[in-house]
Amino acid sequence: MRVPSLRKSLLLWVLIPLLGLLALATAGAFYVADKSATDAFDNALLDPIQALSQHIQINNGKPQITLTPESLRSLFTDAYDSVYYQVALPDGKYALGNLGLPAPPRLGEKAQFYYASLNGRDIRVAAMALHLDGSDDVVIVQIAETLIKRDRNLYETLLIMITPALVITLAAVLLVSYGISRGLVPLLKLQDEIQARSLNDLRPVPLLHVPVEVRPVVLALNNLLANLAAAIEGQQRFLANAAHQLRTPLAGLQTQVELALRMDMPNDVYEIFVRLLDATQRATHLANQLLTLAKAEPGARALTQMQSVNLANLTEPLIGLALVQAQAKRIDLGFELSATQLVGDSLLLTELITNLIDNAIRYTRENGYITVRCYQLPAGAVLEVEDNGIGIPEALRARVLERFYRVDGSPGNGCGLGLSIVDEIAKLHGASLDITTPEQGRGTRMIVRFGKI
Ligand SMILES: Nc1ncnc2c1ncn2[C@@H]1O[C@H](COP(=O)(O)OP(=O)(O)OP(=O)(O)O)[C@@H](O)[C@H]1O
Ligand SMILES: [Mg+2]
């Protein structure tokens, strides 16, 4: 199917009629110019007829010219064209001069002009019936000339007419294309505005600079965006509620299982309860991760509380909380925290940091090391969590951000949501998440850059 182009149809609808009119105007002007030139040349042919008429007599019923051959020749000399003449009686008899000039279509005392040909050359002929002075005698005088100067004049007129027409055509094409491009600028701006949006940005497109003609389209789009935002928000609210509702019974279940585990029971029942506790903890972790994800998603933007946060102050206690988990694997959990200021939601940032540290501990072998860093750069803040653990293959670094994705054979019982949460929270703060390999070539270094770094 052909894709309609506004630019093309505007160009066609404006330029083709414009150029058609221009061609018509040029043709009209050319016709007028050519006609007046032909009239002028024709009139000039009458002068030698007048001059000749003074020197014609009828002797014994035959016409005679009383001019010397030199005078006759000078009468019919022209700078460009060959000139012919013929004098004869009205019945064509006793013709003098260049015999063979075609007779005029009609005859009268008014001069007749017509095209004819003589000896294979095109000529213009002027013919008239002349009353000789002082007698009743009538002679037919014809003067003809070749078309050299007329053709030349025609050619020059054509050139004079066509040159400006071509210039105007070119200017019209350029101006119209430029005008159309200018006219389409607001559409391109609109395209940029929509293209520059992230998936999270469902705000209505501002109508301020949108041309009137495109407004209905943008209004319809805004309507769609609003519906979409409402649908996403509804979905998120449901997810948050479901996760929240799940947590209470799960907490109850966990308490009961923990209580049961303290009681005396046969070994095989004990095993079952241990597995039950593990499953309950997994389910609780999943519910917590889902709840966090729901809070971090774009639809929850309105609920975030952005304020000035010192990343170092926020991170230090979280490292304290992770120490037990790290010590259990004899991992050296260190930190290099310098005062780092940024604007963010501290609850969400807490989730981000916790998930990164949690991953580092989970995916680092015993006796490994982890370093948590934060520092300020002129353009923004940086948070790094580095470990010398099992690392993430480069080809999977984009995939681990997907929800529920875990690298095959990953240890532990994670649910694959941690890095999605980190990524969402980073996006919500306008930050970027980079997964790199530490300088010594082993493990993982997660870098979150806030601001325009
Ligand atoms: N520091 C890390 N070192 C090595 N692999 C990692 C690291 N962090 C994440 N991964 C890999 O990326 C996968 C996804 O991580 P993510 O945190 O999203 O999920 P999870 O840890 O499996 O589950 P959850 O965090 O939701 O409990 C992990 O399964 C693991 O394979
Ligand atoms: Mg994780």
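Note that the sequence shown covers residues 33 to 485 in the working numbering.
Ideal Cβ positions, reconstructed from N, Cα and C, are used throughout, including at glycine.
As the structure is a prediction and not an experimental result, all values here were calculated from the model.
Bridge partners - residue i, DSSP secondary structure assignment
i	result
Glu-416	Arg-405, Ile-479
Tyr-116	Ala-176
Gln-373	Asn-342
Asp-154	Ser-149
Met-160	Val-173
Gly-129	Gln-118
Where residue i falls: helix, strand or coil (DSSP)
i	result
Phe-145	strand
Ser-213	helix
Asn-91	strand
Gly-266	helix
Ile-389	helix
Ser-230	coil
Gln-96	strand
Ile-467	strand
Pro-443	coil
Glu-398	coil
Pro-425	coil
Ser-495	Nothing can be reported for residue 495: it is not among the residues displayed for the chain, which extend from 33 to 485.
Arg-184	helix
Ser-103	helix
Val-432	helix
Val-208	helix
Ala-76	helix
Val-35	coil
Ile-194	helix
Phe-62	helix
Met-55	In the sequence as presented, Met is not what sits at residue 55; that position holds Ala. Three-state DSSP puts Ala-55 in a helix.
His-461	coil
Ser-167	coil
Gly-450	helix
Gln-321	helix
Pro-136	coil
Ala-411	coil
From the options, residue whose alpha carbon lies closest to that of residue i
i	options	result
Pro-196	Leu-77, Leu-318, Ala-61	Ala-61
Gly-93	Phe-108, Tyr-126, Leu-77	Tyr-126
Pro-236	Ala-261, Pro-243, Arg-214	Ala-261
Leu-256	Asp-233, Leu-190, Gln-277	Asp-233
Ala-158	Lys-361, Leu-220, Asn-299, Lys-142	Lys-142
Ile-81	Leu-54, Asp-66, Ile-172	Ile-172
Leu-316	Val-242, Asn-259, Ile-97, His-276	Note on residue identity: the sequence assigns Thr, not Leu, to residue 316. Nearest of Val-242, Asn-259, Ile-97, His-276 to Thr-316, Cα basis: His-276.
Thr-510	Glu-418, Asp-79, Glu-368	Absent from the model: residue 510. The displayed extent of the chain is 33 to 485, so no value can be given.
Thr-336	Leu-379, Asp-71, Asp-310, Asn-299	Leu-379
Gly-483	Gly-412, Gln-472, Ala-430	Gly-412
Gln-118	Asn-91, Ala-176, Arg-269	Ala-176
Ala-55	Leu-190, Lys-40, Val-250	Leu-190
Thr-468	Thr-100, Leu-428, Ile-97	Leu-428
Ala-430	Asp-168, Leu-465, Gln-288	Leu-465
Ala-311	Met-297, Val-301, Gln-286	Gln-286
Arg-333	Glu-456, Leu-131, Arg-481	Glu-456
Asn-387	Gln-339, Glu-426, Cys-447	Cys-447
Ile-385	Ala-458, Ala-358, Ala-360	Ala-458
Ile-90	Leu-47, Leu-460, Asp-110, Val-170	Val-170
Q: Could you tell me which uninterrupted alpha helix (DSSP H) segments, each at least 4 residues in length, are contained entirely in the segment 328 to 369, listed from first to last along the chain?
A: Taking only runs of at least 4 residues, the alpha helix (DSSP H) segments lying wholly in the segment 328 to 369 are 343 to 360.
(Q) For the pair the segment 180 to 191 and the segment 122 to 139, tell me if three or more CB-CB distances fall below 8 Å. (A) Touching, no, given that fewer than three Cβ pairs across the two stretches are closer than 8 Å.
Q.
When you compare the segment 470 to 482 with the segment 388 to 404, are there three or more beta-carbon pairs, one atom per stretch, that lie closer than 8 Å?
A. A contact between stretches requires three or more CB pairs, one per stretch, nearer than 8 Å, and the segment 470 to 482 meets this requirement with the segment 388 to 404.
**Q.** Stretch pair the segment 227 to 241 + the segment 320 to 328: three plus CB contacts closer than 8 Å
**A.** With the cut-off at 8 Å, the segment 227 to 241 and the segment 320 to 328 do not touch.
Q: Flag this pair as touching only if the segment 309 to 326 and the segment 445 to 456 have three or more C-beta atom pairs under 8 Å; answer yes or no.
A: Using a C-beta cut-off of 8 Å, the segment 309 to 326 makes contact with the segment 445 to 456, since at least three inter-stretch Cβ pairs fall below that distance.
(Q) For the segment 66 to 86 against the segment 158 to 170, do three or more pairs of beta-carbon atoms, one drawn from each stretch, fall closer than 8 Å, so that the two count as touching? (A) Judged by Cβ distances under 8 Å, the segment 66 to 86 makes contact with the segment 158 to 170, as three or more pairs qualify.
Q: Quick one: which unbroken beta strand (DSSP E) runs of 3-plus residues sit fully inside the segment 236 to 315? Chain order, please.
A: Those beta strand (DSSP E) runs which fall completely within the segment 236 to 315 and span 3+ residues do not exist here.
**Q.** Any 3 or more C-beta pairs closer than 8 Å across the segment 210 to 222 and the segment 244 to 255
**A.** The way I'd put it, the segment 210 to 222 does touch the segment 244 to 255; three or more beta-carbon pairs between them come closer than 8 Å.
Q) How do the segment 402 to 417 and the segment 364 to 384 stand: do at least 3 beta-carbon pairs fall below 8 Å, yes or no? A) Yes, since at least three Cβ pairs between the segment 402 to 417 and the segment 364 to 384 fall closer than 8 Å, the two stretches touch.
Q.
Using a Cβ distance threshold of 8 Å, determine whether the segment 337 to 349 contacts the segment 405 to 415, with at least three qualifying pairs required.
A. They touch, by the three-pair rule.
Q: Would you check if there are 3 or more beta carbon pairs closer than 8 Å linking the segment 369 to 379 to the segment 437 to 451?
A: In the pairwise beta carbon analysis, the segment 369 to 379 is classified as not touching the segment 437 to 451: fewer than three pairs are separated by under 8 Å.
Q.
Does the structure place the segment 62 to 72 close enough to the segment 93 to 111 that three or more beta carbon pairs sit under 8 Å?
A. Not touching, per the Cβ criterion.
Q) Three or more beta-carbon pairs under 8 Å between the segment 196 to 212 and the segment 37 to 50, yes or no? A) The segment 196 to 212, when compared against the segment 37 to 50, does touch it at the 8 Å Cβ threshold.
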